[in-house]
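Residue numbers are given in the working numbering: position 159 of the sequence shown equals residue 159, and the series is strictly consecutive.
Inspection log for the structure reproduced underneath, given as structure tokens.
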Amino acid sequence: MSDSKQQNAGLDSRLLKRIVSYLMPYKGWVALAFVTVMTAAYLGPLIPKLVQVTIDREIVGGDMEGLQRMIGILFAVLAAEGLLSFVNAYLTQWIGQQAIFDLRTKVYRHVQRQSLRFFDTRPIGQLITRVTSDVESLSQVLSAGVVTILGDLFKLIFIAWFMFSLNWELALVTISVMPIMIYATFWFKRKVRDAYRDTRKQVARLNSFLQEHVTGMRIVQLFGREEEEMKRFDGINDDHRQAHIKTIFYFALFWPMVDIVASAALGLVIWYGGISAMVGGVTVGVLIAFIQYARRFFEPIRNLSDQFNTLQSAMAGAERIFGLLDTDMAIPEAEKTEEWKQVQGRIEFRNVWFSYNPETDPEDLDAEWILRDVSFEVNPGESLAIVGATGAGKTTIINLLLRFYEIQNGAILVDGIDITTLPISTLREHIGLVLQDVFLFSGTVKDNVTLRNPDIEDQAIREAADAINAAPFIERLPEGYGQDVRERGMTLSHGQRQLISFLRALVYDPRILVLDEATSSVDTETEEVIQKALETLMAGRTSIAIAHRLSTVQHATQILVMHRGQVRERGSHQELIASDGLYRRLYELQYAEQEAA
Numbered sequence: 001m002s003d004s005k006q007q008n009a010g011l012d013s014r015l016l017k018r019i020v021s022y023l024m025p026y027k028g029w030v031a032l033a034f035v036t037v038m039t040a041a042y043l044g045p046l047i048p049k050l051v052q053v054t055i056d057r058e059i060v061g062g063d064m065e066g067l068q069r070m071i072g073i074l075f076a077v078l079a080a081e082g083l084l085s086f087v088n089a090y091l092t093q094w095i096g097q098q099a100i101f102d103l104r105t106k107v108y109r110h111v112q113r114q115s116l117r118f119f120d121t122r123p124i125g126q127l128i129t130r131v132t133s134d135v136e137s138l139s140q141v142l143s144a145g146v147v148t149i150l151g152d153l154f155k156l157i158f159i160a161w162f163m164f165s166l167n168w169e170l171a172l173v174t175i176s177v178m179p180i181m182i183y184a185t186f187w188f189k190r191k192v193r194d195a196y197r198d199t200r201k202q203v204a205r206l207n208s209f210l211q212e213h214v215t216g217m218r219i220v221q222l223f224g225r226e227e228e229e230m231k232r233f234d235g236i237n238d239d240h241r242q243a244h245i246k247t248i249f250y251f252a253l254f255w256p257m258v259d260i261v262a263s264a265a266l267g268l269v270i271w272y273g274g275i276s277a278m279v280g281g282v283t284v285g286v287l288i289a290f291i292q293y294a295r296r297f298f299e300p301i302r303n304l305s306d307q308f309n310t311l312q313s314a315m316a317g318a319e320r321i322f323g324l325l326d327t328d329m330a331i332p333e334a335e336k337t338e339e340w341k342q343v344q345g346r347i348e349f350r351n352v353w354f355s356y357n358p359e360t361d362p363e364d365l366d367a368e369w370i371l372r373d374v375s376f377e378v379n380p381g382e383s384l385a386i387v388g389a390t391g392a393g394k395t396t397i398i399n400l401l402l403r404f405y406e407i408q409n410g411a412i413l414v415d416g417i418d419i420t421t422l423p424i425s426t427l428r429e430h431i432g433l434v435l436q437d438v439f440l441f442s443g444t445v446k447d448n449v450t451l452r453n454p455d456i457e458d459q460a461i462r463e464a465a466d467a468i469n470a471a472p473f474i475e476r477l478p479e480g481y482g483q484d485v486r487e488r489g490m491t492l493s494h495g496q497r498q499l500i501s502f503l504r505a506l507v508y509d510p511r512i513l514v515l516d517e518a519t520s521s522v523d524t525e526t527e528e529v530i531q532k533a534l535e536t537l538m539a540g541r542t543s544i545a546i547a548h549r550l551s552t553v554q555h556a557t558q559i560l561v562m563h564r565g566q567v568r569e570r571g572s573h574q575e576l577i578a579s580d581g582l583y584r585r586l587y588e589l590q591y592a593e594q595e596a597a
């Protein structure tokens, strides 16, 4: 066997073990299913043997009473086989669905705990494919697959045992075609495995394209790119079609081959057995039994081939699922975490260097650093504003404070505690975040405010809504706080969605407020209301605000001016204006634009 074949064999074995491991929590039920399928596997081949005994002993011997007794036994065996088949079918499907539930939960939990770096490099449609169709491809293996394969294997063994016990010559004639079947099966396995891999790849491409373009349909229509994007979709769809047709071709070739081999075996049995029966070598009952065995012998082989099909699909899906599970880009929790007992909200960035490339050498000063030696402090209750041109590193500071990414050098502290020593959930629990690009989930206004946290009371929601003047528009909705906002809040204006996002942050009563262009998409009147509310809401809280409009940050305790990843200036609004530096030029430029407007 070549190295590549050994690698594939090892891969199959490793993947199969990992798939089967999800059945271990239900090993008692699996054992029961195995007993039922083993019993059914024995009862099926027993029937031709009973037919042979009935013909050769009872019918030939003219024993009417014995014939009636054997008919009763045959009906009992058939009834038992049918009952066991029902129990086994229900039980294996139940076990499979439990295992699929566990696997899908594990995959989603794994995705949920990853850092933003993980999502930066993977299309959303691809991840959706992993959690849905790739997991579903394992369903048959985890339900009927493993147990059925074992049942069919033992059915083959029982049939072979009965055949050899009746007549070893006819048994050899029946299985003489097996080399052809074995060769065809291994050829089919090799071809269909590659085809299934390609099919799963094309499904992921198709899902990624659909997710991206349905979400961005407004842009496609705005720029009149429907025909061009339709051509791209046709290409991807055609690749998927061709990959699927390729698997159909191999099945269309393999199944008739199985039937031809089975028919050849049956013909050989009739030919050789018929001649033997004419010369008294075998009885009529044995010949009839072997005709039934020849038919039955290839049923489990056909079933095994079908399970092979399922197994190949599952292997292709499993490679992708376990590849996802084995890729861990989650922010690591410290082995020993600190307790954040009295949350005050003091923030310190101490000589922070950061690059989105995790492999960047901290000693390489010429690398593509997003932040370079950034240091600043914000005391409890103070407000910090961060301004600068696009790409200066403003939003990156927020992402690092929330530990969405890990820094390469330096330290970030809250209340004197390095955030890498705090549990991530504890850190984020005390930080309220409002982004410029608001995301709302399908559900009610209340659901989006509380994120279905039962600890947040309705009274707290209404008080927070009154504080930021969100209550008037919410109460005008037909269902009020119970209004369904639909997917991504498309039934609301952008300003209304932003108010709900602001309300979401406030009801959790954080000690630290972070606003990333939080008022950029609301009208002037709404912005003035929010600014007045912020004066009260920020009292006693540490706040960090990122803004392009400098008019919104003039009252900040401290203003940082970022430029190409560095802190170029810092101070109050008056101090920075007086310094006649970068901040003043930005302010005068915006003032001139407002005057021109």
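Just so you know, even glycine gets a beta-carbon here, dropped at the ideal spot from N, CA and C.
Would you mind working out which of 330, 81, 293 and 71 sits nearest residue 37, comparing C-alpha positions?
Ranking the options by Cα distance to residue 37, first place goes to 81.
So, does the segment 210-217 touch the segment 123-134, judging by three or more C-beta pairs under 8 Å?
yes
For a minimum of 4 consecutive residues, which ranges assigned as the alpha helix (DSSP H) are wholly contained in the segment 24-98?
27-53
Beta-carbon gap between residue 60 and residue 284 smaller than 9 Å:
yes
Hey, out of 77, 475 and 141, whose CA is closest to residue 96's CA?
For residue 96, the nearest C-alpha among the options comes from 141.
According to the neighbour-count rule (16 or more other Cβ atoms, all chains shown, within 10 Å of its Cβ), is residue 110 buried or exposed?
buried
Does residue 555 pass the burial test, meaning 16 or more other C-beta atoms within 10 Å, or should it be called exposed?
Exposed.
For residue 94, which option in 62, 30, 235 and 44 has the closest C-alpha, if you only look at C-alpha atoms?
In terms of Cα proximity to residue 94, the closest of 62, 30, 235 and 44 is 30.
Quick check: the segment 565-578 against the segment 368-378, are there 3 or more CB pairs under 8 Å?
The segment 565-578 makes contact with the segment 368-378, as at least three CB pairs between them are under 8 Å.
Exposed unless 16 or more other CB atoms sit within 10 angstroms - verdict on residue 453
Burial check for residue 453: the Cβ neighbour count within 10 Å stays below 16, so the residue is exposed.
Element boundaries [beta strand (DSSP E), containing residue 388]:
Residues 383-388.
Here's the rule I'm using: 16 or more other beta-carbon atoms within 10 Å means buried, otherwise exposed. How should residue 342 be labelled?
By the neighbour-count rule (16 or more Cβ atoms within 10 Å), residue 342 is not buried but exposed.
Nearest-angstrom Cα separation, counted from residue 187 out to residue 2
In this predicted model, residue 2 has a pLDDT of only 39, less than 50, meaning its place in the structure is not dependable enough to derive any value.
Taking residue 48 and residue 312 to be in contact with their CB atoms under 8 Å, please state how far apart those CB atoms are, rounded to whole angstroms.
Contact flag wrong, Cβ pair sits at about 32 Å.
Is it right to say residue 21 is buried, meaning 16 or more other beta carbons lie within 10 angstroms of its own, or is it exposed?
exposed
Looking at C-alpha atoms only, which residue of 427, 41 and 246 is the closest neighbour of residue 344?
Shortest Cα-Cα distance from residue 344 to any of 427, 41 and 246 involves 427.
Assuming residue 279 is part of the alpha helix (DSSP H), what are its boundary residues?
No alpha helix (DSSP H) holds residue 279; DSSP gives it neither H nor E.
Are residue 316 and residue 199 touching if we call contact CB-CB under 9 Å?
yes
Hey, how far is the Cα of residue 623 from the Cα of residue 85?
The structure shown does not extend to residue 623, since the chain is modelled only from 1 to 597, so the question has no answer here.
Taking contact to mean 3 or more Cβ pairs, one atom from each stretch, closer than 8 Å, check whether the segment 314-331 and the segment 160-179 are in contact.
no
Enumerated in chain order, which unbroken segments of the alpha helix (DSSP H) with a length of 4 residues or greater are wholly contained in the segment 242-318?
none
Our contact map puts residue 265 next to residue 243 with C-beta atoms below 8 Å; I'd like the distance itself, whole angstroms only.
Wrong, their Cβ atoms sit about 34 Å apart, outside the cutoff.
In the DSSP output, what is residue 334 paired with across the bridge?
DSSP, once it has assigned bridges, lists no residue as partnering residue 334.
My output table needs one value for residue 235: the three-state DSSP class, helix, strand or coil.
helix
What three-state label does DSSP hand residue 596 in the structure shown?
Annotation note: pLDDT 48 at residue 596 (below 50); position unreliable, coordinate value reported separately. Reduced to three states, the DSSP call for residue 596 is helix.
Contacting residues, own chain, Cβ-Cβ under 6 Å from residue 464 (five flanking each side not counted):
Sequence-distant Cβ neighbours of residue 464 in its own chain, meaning closer than 6 Å and more than five residues away, are 503, 506 and 507.
Please classify residue 138: does DSSP put it in a helix, a strand, or coil?
Residue 138: coil per DSSP, three-state reduction.
Roughly how many whole angstroms lie between the Cα atoms of residue 43 and residue 153?
14 Å
Rounding to the nearest angstrom, what Cα-Cα distance links residue 367 and residue 448 in this structure?
41 Å
Under the rule that 16 or more other beta-carbon atoms within 10 Å means buried, what is residue 4, buried or exposed?
Because residue 4 sits at a pLDDT of 39, beneath the cut-off of 50, its placement in the model cannot be relied upon, and the following sentence gives the value as read from the coordinates. It counts as exposed.
Can you list, in chain order, the residues of its chain whose CB lies under 7 Å from that of residue 320, leaving out five sequence neighbours each side?
130, 134 and 200
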